[in-house]
Amino acid sequence: MPESVPLDALVGRIRDGQSLAVPSDVGGVSMAATRALIRRGVRRLHLIGVPTSGLQADLLIGAGCVDLLEASAVSLAEHGVAPRFTDAIRSGAIQMRDATCPAVHAGLVAAEKGVPFMPIRGLIGSDLLRHRPDWQVIDNPLAAEPDPIVLIPAIRPDTVLFHAPLADRAGNVWVGMRRELMVMAHAARETLVTVERIVDTDLLADPQRAPAVVPSLYVSAVALAPKGAWPLALHGEYAADDECLRAYAKAARSAQGFRDWLDGYLG
Amino acid sequence: MPESVPLDALVGRIRDGQSLAVPSDVGGVSMAATRALIRRGVRRLHLIGVPTSGLQADLLIGAGCVDLLEASAVSLAEHGVAPRFTDAIRSGAIQMRDATCPAVHAGLVAAEKGVPFMPIRGLIGSDLLRHRPDWQVIDNPLAAEPDPIVLIPAIRPDTVLFHAPLADRAGNVWVGMRRELMVMAHAARETLVTVERIVDTDLLADPQRAPAVVPSLYVSAVALAPKGAWPLALHGEYAADDECLRAYAKAARSAQGFRDWLDGYLG
Amino acid sequence: MATLADRQTSLFLASALADVFRGVPTLAIGANSPIPAAAALLAQHREPSMRVSILGSPAHNPYTNGGGELFDYAAEGRLACFVLGALQIDGAGNLNLVSVGDYDQPTVRYPGSFGSGLLYYTVPRVVVFREDHSPRALVERVDFVSATGTSPPGVYRPGGPAYLVTGKAVFRFDREHAQFALQSVHPGHTLDEVMAATGFHFACADGVPAVTALPSEQDCRWLTGPIADALLGGYPEFARLLTGD
Amino acid sequence: MATLADRQTSLFLASALADVFRGVPTLAIGANSPIPAAAALLAQHREPSMRVSILGSPAHNPYTNGGGELFDYAAEGRLACFVLGALQIDGAGNLNLVSVGDYDQPTVRYPGSFGSGLLYYTVPRVVVFREDHSPRALVERVDFVSATGTSPPGVYRPGGPAYLVTGKAVFRFDREHAQFALQSVHPGHTLDEVMAATGFHFACADGVPAVTALPSEQDCRWLTGPIADALLGGYPEFARLLTGD
Chain B
369 MPESVPLDAL
379 VGRIRDGQSL
389 AVPSDVGGVS
399 MAATRALIRR
409 GVRRLHLIGV
419 PTSGLQADLL
429 IGAGCVDLLE
439 ASAVSLAEHG
449 VAPRFTDAIR
459 SGAIQMRDAT
469 CPAVHAGLVA
479 AEKGVPFMPI
489 RGLIGSDLLR
499 HRPDWQVIDN
509 PLAAEPDPIV
519 LIPAIRPDTV
529 LFHAPLADRA
539 GNVWVGMRRE
549 LMVMAHAARE
559 TLVTVERIVD
569 TDLLADPQRA
579 PAVVPSLYVS
589 AVALAPKGAW
599 PLALHGEYAA
609 DDECLRAYAK
619 AARSAQGFRD
629 WLDGYLG
Chain F
369 MPESVPLDAL
379 VGRIRDGQSL
389 AVPSDVGGVS
399 MAATRALIRR
409 GVRRLHLIGV
419 PTSGLQADLL
429 IGAGCVDLLE
439 ASAVSLAEHG
449 VAPRFTDAIR
459 SGAIQMRDAT
469 CPAVHAGLVA
479 AEKGVPFMPI
489 RGLIGSDLLR
499 HRPDWQVIDN
509 PLAAEPDPIV
519 LIPAIRPDTV
529 LFHAPLADRA
539 GNVWVGMRRE
549 LMVMAHAARE
559 TLVTVERIVD
569 TDLLADPQRA
579 PAVVPSLYVS
589 AVALAPKGAW
599 PLALHGEYAA
609 DDECLRAYAK
619 AARSAQGFRD
629 WLDGYLG
Chain X
7 MATLADRQTS
17 LFLASALADV
27 FRGVPTLAIG
37 ANSPIPAAAA
47 LLAQHREPSM
57 RVSILGSPAH
67 NPYTNGGGEL
77 FDYAAEGRLA
87 CFVLGALQID
97 GAGNLNLVSV
107 GDYDQPTVRY
117 PGSFGSGLLY
127 YTVPRVVVFR
137 EDHSPRALVE
147 RVDFVSATGT
157 SPPGVYRPGG
167 PAYLVTGKAV
177 FRFDREHAQF
187 ALQSVHPGHT
197 LDEVMAATGF
207 HFACADGVPA
217 VTALPSEQDC
227 RWLTGPIADA
237 LLGGYPEFAR
247 LLTGD
Chain A
7 MATLADRQTS
17 LFLASALADV
27 FRGVPTLAIG
37 ANSPIPAAAA
47 LLAQHREPSM
57 RVSILGSPAH
67 NPYTNGGGEL
77 FDYAAEGRLA
87 CFVLGALQID
97 GAGNLNLVSV
107 GDYDQPTVRY
117 PGSFGSGLLY
127 YTVPRVVVFR
137 EDHSPRALVE
147 RVDFVSATGT
157 SPPGVYRPGG
167 PAYLVTGKAV
177 FRFDREHAQF
187 ALQSVHPGHT
197 LDEVMAATGF
207 HFACADGVPA
217 VTALPSEQDC
227 RWLTGPIADA
237 LLGGYPEFAR
247 LLTGD
């Protein structure tokens with residue numbers, strides 16, 4: 369049974385050099401834990417955006433926490449490019465594994481199902497495929513005619529980290545419509561969750577909520593972090609803080625502007 | 369947008385010779401539609417139990433509706449063997465494709481994801497595999513060492529038929545904890561659903577219910593059928609009618625006993 | 007600051023996109039795409055049976071199986087039409103959403119390929135939308151292929167580009183010859199201007215090219231009324247631009 | 007009609023099964039398995055940190071991803087222990103849940119293989135449970151292999167049989183030699199009786215075999231109290247048998 373722990377104890381489970389999978393900016397990002405990770409000075413992360421990332425990746429990259437990034441895209445959406453990401457790619461400061469959204473999902477589904485790979489349509493002939501030696505083209509063994517198809521290896525992250533609306537005392541976490549968070553939890557070795565609220569009732573005993581609950585079986589630790597996605601949105605809870613994001617997009621264009629902004633954000 | 373239709377119109381969409389996938393006896397079986405199908409005299413079905421079947425398969429087999437059965441098991445659970453199934457296997461009246469539960473799920477997931485196959489662990493060396501020429505062993509192309517693994521071809525049923533607690537007027541169907549029903553609907557060409565109740569609200573607009581809703585995108589028709597799983601259980605709604613099932617298990621030991629029971633059941 | 011011209015351009019492009027969505031049973035729009043989202047709702051107003059989903063807009067998002075569902079839906083062949091943007095588009099229909107220059111040391115880096123690696127291959131009618139019609143965007147050969155315009159025989163390829171809509175023109179994609187063909191030039195632009203601004207060769211019928219249709223009055227009423235209202239949640243600034251507030 | 011003997015047998019077998027569940031972090035019980043379900047709850051009473059799931063019992067079912075989740079959970083290596091029944095078990099640990107005689111024209115047909123085709127290969131400690139200890143059930147060679155007892159080198163095989171519990175004895179499975187070894191004989195039974203009733207060869211230490219432990223008084227209080235209560239929903243008749251009502 370997972371414990372409810374302080375935020376610093378939660379991020380203390382993430383070790384330097386590990387693979388860390390995180391949702392997209394609209395999918396329940398634990399910015400509270402991201403701040404704690406940066407404060408702690410985590411290093412050499414293999415960050416996986418499921419299937420994309422944004423502010424979170426940009427902060428971790430800018431703060432020097434990331435060695436390797438795997439994602440289908442990194443951007444600040446309506447606020448433009450992710451400046452620290454773009455800069456790090458151009459300077460070669462991080463290694464990039466470009467993906468396409470369904471390939472990231474496929475790799476996680478393979479891990480969830482305990483199989484070494486999942487097939488996926490598309491990708492044939494692309495440079496995406498050419499730059500991913502871990503993705504392999506085979507001839508579909510079940511087809512009568514030649515039929516090349518790509519196999520995506522299982523993505524089993526050391527840690528999955530996300531923010532959700534609520535958990536119960538037993539560590540069951542309600543994710544609502546963000547079903548990809550459940551796939552991520554199933555796929556990962558450790559799942560760390562920050563939540564807006566911890567309730568005293570059993571979420572699995574609620575016939576309405578239970579179908580959208582990540583059972584505590586898969587949850588390693590939960591930390592309470594109200595407004596934990598800020599300045600990003602948490603679906604059904606609060607909208608993004610567009611003013612803050614706009615300010616970030618502007619400040620982070622330079623390394624110094626980024627550092628100043630980060631100092632303020634870390635508080 | 370699917371229509372809410374009378375039960376006979378719903379089963380009228382299922383044509384002789386089609387593949388028809390149905391849930392296990394505890395998973396929301398549309399016994400109301402099963403009765404209507406038998407009354408109509410459907411023939412030559414390729415019935416797929418997801419991943420098992422029970423009373424429903426036994427009735428359809430006993431009534432001569434089934435040519436081919438694909439399932440991991442067919443039984444009446446605590447009421448013993450499924451007598452018409454057992455008799456049909458021994459007499460060769462139906463063709464059987466023995467499966468194992470996760471292989472049925474894997475085939476449906478492959479169809480859901482639009483890929484031709486899914487890998488699955490296990491099965492190597494078994495007679496299950498030997499009797500399934502459609503299942504194929506390959507050497508895992510991503511492994512450094514030889515690693516035989518089974519590929520299960522996609523199962524894309526012509527029709528999926530099940531019973532659920534509720535739908536809305538737009539054809540969105542709430543399946544609660546029976547997530548396999550959602551996979552089935554995603555995998556099938558047509559999804560036909562009977563429900564206990566049709567509500568006037570939009571199920572997708574309800575943040576509690578929506579995560580467990582099969583969107584109308586995947587639903588071909590809905591028919592109202594209160595107590596539509598009887599004498600089987602519908603989770604969260606009513607328990608199985610054990611007396612009725614016990615009577616069935618006894619009567620159906622003989623072909624004549626089955627016919628008499630069926631006449632009474634069809635009413 | 008938004009101007010009247012921006013508003014007219016948005017109404018026009020939404021209408022031009024809605025024209026090439028015509029007749030599809032199902033249509034999805036990705037996140038962060040205000041003009042395509044407006045166009046999709048316009049197409050649905052014109053054809054109410056059309057099933058439209060707009061990612062990032064809860065009211066127009068019928069998916070309940072998480073972020074992967076759209077791709078499953080497309081891979082199954084259930085999605086008839088999708089809109090993709092790109093950093094570069096070339097004459098063979100290849101898309102680049104990644105970078106300009108050497109991949110390992112790019113001069114320009116874009117966010118990345120998003121879902122194009124699957125959607126461009128599986129959705130029968132992909133509409134490529136790039137407002138910037140310039141030799142920088144429409145190139146002879148893309149620097150990085152996020153997704154190919156066509157595939158050799160034997161490759162599973164039910165989908166691909168069908169139209170390219172820019173700020174100056176509409177092209178159809180001819181799969182057999184793997185090239186774009188000019189369909190219409192937007193009002194106020196000329197064939198010469200389009201040719202000069204296009205970095206790739208395209209097919210073009212003889213004579214004066216057709217002119218892209220303007221939105222009807224009914225279209226404008228829908229776009230500035232119920233559609234602007236519907237977009238207020240996901241795209242508040244764009245919705246205000248449409249209404250002229 | 008249930009008798010006192012049935013009740014004693016159920017309590018005893020639940021305890022014998024709970025003994026072989028000892029120390030596992032996670033344990034799942036399939037549907038329609040009353041004695042294993044009671045045994046699992048007993049094991050959890052003995053070791054409260056054990057995570058137990060009982061299919062068909064909503065109160066003990068922690069899965070939220072549909073009928074396929076248990077198999078995913080097992081294939082991932084998260085499930086440490088599972089109980090499988092069978093029509094026939096042979097000396098090499100092969101299981102038959104399908105039929106006796108020719109597969110196409112069987113003399114006996116059973117429901118089918120259920121999840122054995124994956125669970126037997128991926129769950130490290132599978133406990134095979136068959137109350138009927140007879141040459142009909144424990145055979146030299148099964149007529150149909152639902153799942154093999156062992157796999158050749160190079161086959162991914164983290165799981166397999168660990169124990170066989172019957173109405174007369176408990177066997178351990180020796181994977182290296184692909185055979186069962188007698189661990190204990192139940193009180194009231196003898197080694198000779200076990201040998202005569204077992205259709206396959208098994209290893210057996212010299213001397214008088216160990217006797218399977220009886221349930222403790224605490225075990226019986228748990229089984230006839232809170233465990234019977236917990237099983238009332240899924241197994242009402244069995245729960246009443248345990249309480250003696």
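Residue numbers (our numbering), protein chains in the order written: chain B, 369 to 635; chain F, 369 to 635; chain X, 7 to 251; chain A, 7 to 251. Every residue, glycine too, gets a C-beta built ideally from N, C-alpha and C. For clarity, every value in this text was computed on a predicted model and none was experimentally measured.
Pick from the options that is closest to residue i, judged by C-alpha positions
i: B/Ile-382; options: B/Leu-571, B/Glu-605, B/Arg-557 and B/Ala-619; result: B/Arg-557
i: F/Tyr-586; options: F/Glu-605, F/Thr-527 and F/Thr-569; result: F/Thr-527
i: A/Ala-203; options: A/Ala-216, A/Glu-137 and A/Thr-249; result: A/Glu-137
i: F/Ser-372; options: F/Glu-513, F/Val-563 and F/Leu-436; result: F/Val-563
i: B/Leu-428; options: B/Arg-524, B/Ser-443, B/Leu-444 and B/Arg-403; result: B/Arg-403
i: X/Ala-254; options: X/Leu-76, X/His-139 and X/Phe-186; result: It is not possible to answer for residue 254 of chain X, since the shown part of chain X is limited to 7 through 251.
i: X/Ala-37; options: X/Ala-81, X/Phe-77 and X/Ile-60; result: X/Ile-60
i: B/Gly-604; options: B/Val-581, B/Met-545, B/Pro-583 and B/Pro-575; result: B/Met-545
i: F/Tyr-606; options: F/Pro-594, F/Asp-502, F/Ser-387 and F/Asp-574; result: F/Pro-594
Coil, strand or helix - residue i by DSSP
i: F/Gln-424; result: helix
i: F/Cys-469; result: helix
i: X/Phe-150; result: coil
i: A/Phe-77; result: helix
i: F/Asp-574; result: coil
i: F/Met-464; result: strand
i: A/Glu-243; result: helix
i: B/Tyr-606; result: strand
i: X/Tyr-127; result: helix
i: A/Phe-27; result: helix
i: B/Val-379; result: helix
i: F/Gly-417; result: strand
Counterpart residues of residue i in DSSP-defined beta bridges
i: A/Leu-248; result: Looking at the DSSP assignment, A/Leu-248 forms no beta bridge with any residue, so it has no partner.
i: A/Gly-2; result: Outside the displayed span of chain A (7 to 251) sits residue 2 of chain A, for which this structure offers no information.
i: B/His-541; result: This sequence places Val at residue 541 of chain B; His is not what is there. DSSP output for B/Val-541 lists B/Ala-535 and B/Val-582 as bridge partner(s).
i: B/Met-486; result: B/Ile-520
Residue burial classification, residue i (beta-carbon count within 10 angstroms, cutoff 16)
i: B/Ala-474; result: buried
i: A/Gly-74; result: buried
i: X/His-66; result: buried
i: A/Arg-183; result: A quick correction: the sequence has His, not Arg, at residue 183 of chain A. The residue in question, A/His-183, is exposed, as its Cβ has fewer than 16 Cβ neighbours within 10 Å.
i: F/Ala-456; result: buried
i: B/Ala-578; result: buried
i: B/Met-550; result: buried
i: B/Ala-617; result: buried
Residue i: CB within 8 Å of a non-hydrogen atom of the ligand ZN
i: B/Arg-383; result: In terms of ligand content, the structure shown is empty, and the ligand ZN therefore cannot be addressed.
Taking three-plus beta-carbon pairs below 8 Å as touching, is the stretch 441-448 of chain B in contact with the stretch 144-152 of chain X? no
Tell me, please, whether the stretch 386-398 of chain B touches the stretch 529-540 of chain B by the rule of three or more beta-carbon pairs shorter than 8 Å. yes
Indicate whether the contact test is met: 3 or more Cβ pairs, each with one atom in the stretch 536-551 of chain F and one in the stretch 538-557 of chain B, closer than 8 Å. no
Is it a yes or a no for the stretch 560-567 of chain F touching the stretch 406-415 of chain F, going by three-plus beta-carbon pairs under 8 Å? no
Would you check if the stretch 110-129 of chain X and the stretch 165-175 of chain X touch, i.e. whether three or more CB-CB distances between them fall below 8 Å? yes
Any chance the stretch 43-56 of chain X sits against the stretch 22-33 of chain X, with 3 or more Cβ pairs inside 8 Å? yes
Would the stretch 619-626 of chain B count as touching the stretch 492-502 of chain F if we require 3 or more Cβ pairs under 8 Å? no
Inter-stretch contact at 8 Å, needing at least 3 Cβ pairs: the stretch 152-161 of chain A / the stretch 89-99 of chain A: yes
Is the stretch 218-229 of chain X touching the stretch 15-24 of chain X, taking contact as three or more C-beta pairs under 8 Å? yes
Could you tell me whether the stretch 108-121 of chain A touches the stretch 434-443 of chain F, using the rule of 3 or more Cβ pairs below 8 Å? yes
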